[in-house]
Each structure stands twice: as structure tokens, then as C-alpha cells.
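Colleague: Line by line, the protein sequences give chains A and B. Taken in order, the first sequence gives residues 1 to 211; the numbers are from full-length UniProt numbering. Taken in order, the second sequence gives residues 1 to 130; the numbers are from full-length UniProt numbering.
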Amino acid sequence: MMEYDYLIKFLALGDSGVGKTSFLYQYTDGMFNSRFISTVGIDFREKRLIYQSKGKNHRVHLQLWDTAGQERFRSLTTAFYRDAMGFLLLFDLTNEQSFLEIRNWIEQLRLHAYCEAPDVVLCGNKADLEDRRVITEWRARELAEKHGLPYLETSAATGQNVTRAVETLLERVMIRMETAVDRAMLPGRRGRPRDVNDLDLNASSSNNCSC
Amino acid sequence: MALNPQYEAIGKGFVQQYYALFDDPTQRPNLVNMYNVELSFMTFEGVQLQGSVKIMEKLNSLSFQKINRIITAIDSQPMFDGGVLINVLGRLQADEDPPHAFSQIFVLKPLGNSFFVQHDIFRLGIHDTA
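Right under this line is the structure:
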């Protein structure tokens, strides 16, 4: 079993059909798949990455969860939101209603997430369908600013800003974790404790210099 | 009552009829005729309901319109009271949502020359536990 320093769980939210599943698939596998994504027995996606902070490498195990339309059959419970440490909130740039629903999703987050102002990145997805766009960039930015959220225009089809959106969210979550006064308030940090003698992790960048 | 030798045909026929009604939003209210006003139980994604009124309230509250469904397998057994136990395995797509696997179990209870659904257990095949 691989070790990690942080287990981070993100949840992708937004109306049905905005592209949550495709977005996560594009991020973890670098592919666009508009058809049925065959399951390997587990319905969230995972990715390992290294987060650098203050010259140190942190091994992050990222779990990306997706409602995948299950909200049509059962209401999303508090438990569903509670464990997530960050949220990717998606709407479809070609669908007015999905944009209008963002306010409701933010309200749901305020009610159900682990705190009232969790880290959220707002994504206007399907940016590749420019000729079908109905939500202008300034309109989306205005909403994002009103709620204090970073905004990115993304495309699960081309990959535009997909990685950037996840990394923006990760950075915010990691900063929150590092600056939290009361660490007991935070979910997570359930990974194995860091070994201060682990040379791999604490290796300074000077090791890369061959001169 | 004896075992019904027609259990396979009854199972397949019922499943076809049930989903033809369920998957068409204009037909869905007619599912009320499948359930008994008191003697029917449903467990829908973990929500337990009894009686046709509560069951229909649940089914009518579902927010999707049409369902595309592919049945993978229908397994039936005769029951000693003349009823039929049915297990359905399949995939469904609600409107334009991502497709999901599902499983559904029915117990058909004989009533006169026909049957009603005494038990109905539905689950999506979503494996979202770490």
C-alpha cells in the first residue's frame, strides 16, 4: 500500500448534464469520454500528486467524487457533503438554468459542508461550445466575485483549464490546512503522519543541480 | 397454493410491462395498479415505503422525465404461495444523466387470477464507499 501525507476529498457539484463526470474523467485520465464510463467497482476517481509548499513536497492522495445523477433517485444527504474538503462547482455555459442554479448549490454547501465558507472553485464548463454559449464570461465572473469564488472557464472535452481548476482548489485547501489555528476543526489529514527523516520528502531542490 | 410452473414467463412479462410504464412519464402514474393499498412494500434507494399511496408519492416525485433502460438479466423463482420472486439486473439512463447500473427485486403475490407487487427493492449500482 502506497503512503501519502494527505488524503484530500473533493466533490464535483452542479446540475445534471453540466459535465461533472466528464470533467473528472478528463482530469484523472486526460481523456474525454461522452459515453458510459465503465466502472471498476468504485465510483469516484483518484489521483496521486505532489504538492509543494515552503520547499517541501507533500504527497497528496486526491479523491474526486461525483454525484453522477444519483440525486435524481435519492436526496444528497449531509453525509455526502460532510467529508469533502473542497468543491468543484460546475455549470454549463450553454445552459442558462444550470447557471441560475449555482446560487442554490452555494446555499446547499453553506448548509451541509464542514464549514459555512468552504473552498469552492466555480467552473463554467463546455467552453469549447462557443457558438452555443449563453452565459457571458463577465456575467459568470460577477457571480463568482459576489460569492468570493475563483472562476475558470473549462472544457471537459478539450481539457481547457481542467487541471488548473483542480490545482486552484487544492492550493486553497492546502493553504487553509496549513494556516488553520484549530486543526481539529478540519476534516481530513487522515493520511499517515509524516516521517521527518524521510529524505525523499525533505530533499531540497539543490539536489537537482548538477553543477 | 402450489408452485406456479409459469414463473419464468410471468417474471419476464411482468418486468417488461412494469418498465414500459415506469420509463414513460405519461404512463408512470398507472403503476398504482401494480401495488396494493396496504400490502405492498417498497425500498427505493434505502427509503422504506408501505402502501400504493406512499409508493406513488415517491415515484411521482422523481425529477427525471424519460428513462432509457437496458435489461441485462431477469432471474425468477416460483414461491410456495404461488407467487414469483424476480431479480432484475440492468442499466438505466435518466434523461441525459450518466448511465448507471441498477438492481431491482420484486415479489409478485397472487390475487385472484392476477398478481400484485408485494415487495419491491430498488438500488442504483453506485459504489461510493471508500
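Backbone N, C-alpha and C define an ideal beta-carbon position, used for all residues, glycine too.
1) Please check if any C-beta of chain A sits within less than 9 Å of the C-beta of F22 of chain B.
2) In three-state terms, what does DSSP make of S40 of chain B?
3) For D43 of chain A, which residues in chain B fall below 8 Å Cβ to Cβ?
4) With DSSP collapsed to three states, give me the class of R189 of chain A.
5) So that I know if they touch, is there some Cβ in chain B lying closer than 9 Å to that of F73 of chain A?
6) For D97 of chain B, which residues of its own chain have a beta-carbon under 8 Å away from its beta-carbon, when the five flanking residues on both sides are left out?
7) What do you get for W138 of chain A, buried or exposed, if any count of 16 or more other CB atoms within 10 angstroms of its CB means buried?
8) My guess is that S52 of chain B and Y35 of chain B are in contact by the Cβ rule of under 8 Å, so how many angstroms apart are they, rounded?
9) For S53 of chain A, decide whether its Cβ has a neighbour in chain B, counting only Cβ atoms nearer than 9 Å.
10) What are the residues in the stretch 58-81 of chain B lying within 8 Å of chain A by C-beta distance?
11) Any contact between the stretch 122-138 of chain A and the stretch 13-32 of chain A? By contact I mean 3 or more CB pairs, one from each, below 8 Å.
12) Could you tell me the alpha carbon to alpha carbon distance between residue 212 of chain A and R28 of chain B, rounded to whole angstroms?
13) By alpha-carbon positions, which one of B:G83, B:R91, B:L89 and B:S103 ends up nearest to G112 of chain B?
14) Anything in the stretch 91-123 of chain A with a Cβ closer than 9 Å to a Cβ of chain B? List those residues in chain order, please.
15) Could one say the Cβ of G46 of chain B lies closer than 9 Å to chain A's Cβ atoms, at least one of them?
16) Within 10 angstroms of the Cβ of L111 of chain A, are there 16 or more other Cβ atoms? Answer buried if so, exposed if not.
17) What residues in the stretch 93-115 of chain B bring their beta carbon closer than 8 Å to a beta carbon of chain A?
18) With a 10 Å radius around its C-beta and 16 neighbouring C-beta atoms as the bar for buried, classify Q70 of chain A as buried or exposed.
19) Is I121 of chain B closer than 9 Å to Q104 of chain B when the C-beta atoms are compared?
20) Closest to K56 of chain A by CA distance: which of A:Y151, A:E96 and A:D5 is it?
21) Identify, in the order they occur along the chain, each residue of the same chain with its Cβ nearer than 7 Å to the Cβ of A156 of chain A, setting aside the five sequence neighbours on each side.
22) Closer than 6 Å by C-beta to L89 of chain B: which residues in its own chain qualify, once you throw out the five before and the five after it? Chain order, please.
23) So if I threshold CB-CB distances at 7 Å, which residues from the stretch 3-18 of chain A count as touching chain B?
24) Going straight from the alpha carbon of Q17 of chain B to that of N30 of chain B, what length do you get?
25) Does the beta carbon of A156 of chain A sit closer than 9 Å to a beta carbon anywhere in chain B?
Modeller: According to the data block:
1) no
2) coil
3) I126, H127 and D128
4) The predicted position of R189 of chain A is uncertain, since its pLDDT is 48 and thus under 50; a value taken from the coordinates is nonetheless stated next. Correct three-state label for R189 of chain A: coil.
5) By this cut-off, F73 of chain A is an interface position.
6) F64
7) Label assigned to W138 of chain A: exposed.
8) 4 Å
9) no
10) L62, S63 and F64
11) Judged by Cβ distances under 8 Å, the stretch 122-138 of chain A makes contact with the stretch 13-32 of chain A, as three or more pairs qualify.
12) Not covered by the structure: residue 212 of chain A. The range shown for chain A is 1 to 211.
13) Closest option to G112 of chain B, judged by alpha-carbon separation, among B:G83, B:R91, B:L89 and B:S103: B:G83.
14) none
15) yes
16) exposed
17) Hits within the stretch, in order: A94, D95, E96, D97, P98, P99, H100 and A101.
18) buried
19) Yes, these two residues count as a Cβ contact at 9 Å.
20) A:D5
21) Non-local beta-carbon contacts of A156 of chain A in its own chain, meaning distances under 7 Å to residues more than five positions away in sequence, involve G19, S22, F23, Q26, F32, N125 and V162 in chain order.
22) Hits under 6 Å: T72, A73 and S103.
23) From the stretch 3-18 of chain A, only S16 and G17 have a Cβ closer than 7 Å to chain B.
24) 11 Å
25) No, no contact with chain B.
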